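Below is one structure, written out as structure tokens; comments come after it.
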Amino acid sequence: MTTEITMQQLQQRVDDYIGQFKEGYFPPFELLARLTEELGELSREVQDVYGQKKKKATEDIGSIEEELGDFFFVLVCFANAQGIKLDEALLRVLQKFETRDKDRWTRKDGEG
């Protein structure tokens with residue numbers, strides 16, 4: 001059984017973890033490089049599962065869930081370091097999609 005947690009609570013938990021260390025958050029370009037690295041690892045897992053380029057026997061077995069978690073952790077670190085509340089940022093983007101792009105895609109029958 002899992003306990004639900006808000007985005008703000010997740011961001012606070014990451015901040016509490018990072019706050020234990022003198023080094024704190026990495027500078028923006030290093031966080032961006034880490035984010036890019038994690039995206040590459042996620043891409044490799046997706047390619048192995050759904051693509052034609054399967055892993056070699058010498059490559060570590062991972063999971064899409066694990067790599068997505070790693071990516072999300074670094075994304076939260078980047079947001080925290082920039083003082084960005086991810087829930088508010090996502091809500092703004094959703095509002096944009098729900099208004100500007102509301103008629104952009106073909107709706108399923110009976111849904112409006």
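Numbering-wise, the sequence shown is residues 1 to 112 according to the UniProt record's numbering.
Beta carbons are placed, not taken as given, at the ideal position from N, Cα and C, and that holds for glycine.
Quantities reported herein were computed from a predicted structural model and do not represent experimental measurements.
With the cut-off set at 7 Å, would you say residue 42 and residue 67 are in Cβ contact? yes
What is the C-beta distance between residue 31 and residue 77, in whole angstroms, given that I count them as a contact (C-beta under 8 Å)? 6 Å
If you follow the alpha helix (DSSP H) that residue 109 is in, where does it begin and where does it stop? Where residue 109 is concerned, there is no enclosing alpha helix (DSSP H), given that its DSSP letter is neither H nor E.
Sort 12, 50 and 55 by Cα distance to residue 83 and report the nearest one. 12
Exposure of residue 46, with buried meaning 16 or more beta-carbon neighbours within 10 Å: exposed
Tell me whether residue 69 sits in a helix, a strand or coil according to DSSP, three-state version. helix
Between which two residues does the alpha helix (DSSP H) harbouring residue 63 extend? Run containing residue 63: none; DSSP gives neither H nor E here.
Can you tell me whether residue 4 is helix, strand or coil according to DSSP? coil
Best match in 21, 26 and 65 for proximity to residue 39 [C-alpha to C-alpha]: 65
Could you name the residues of the same chain whose beta carbon sits closer than 8 Å to that of residue 87, not counting the 5 residues immediately before and after it, in chain order? 6, 7 and 8
Would you mind sorting residue 71 into buried or exposed? The rule is 16 or more other CB atoms within 10 Å of its CB. buried
Could you tell me which uninterrupted alpha helix (DSSP H) segments, each at least 4 residues in length, are contained entirely in the region 78-108, listed from first to last along the chain? 86-99
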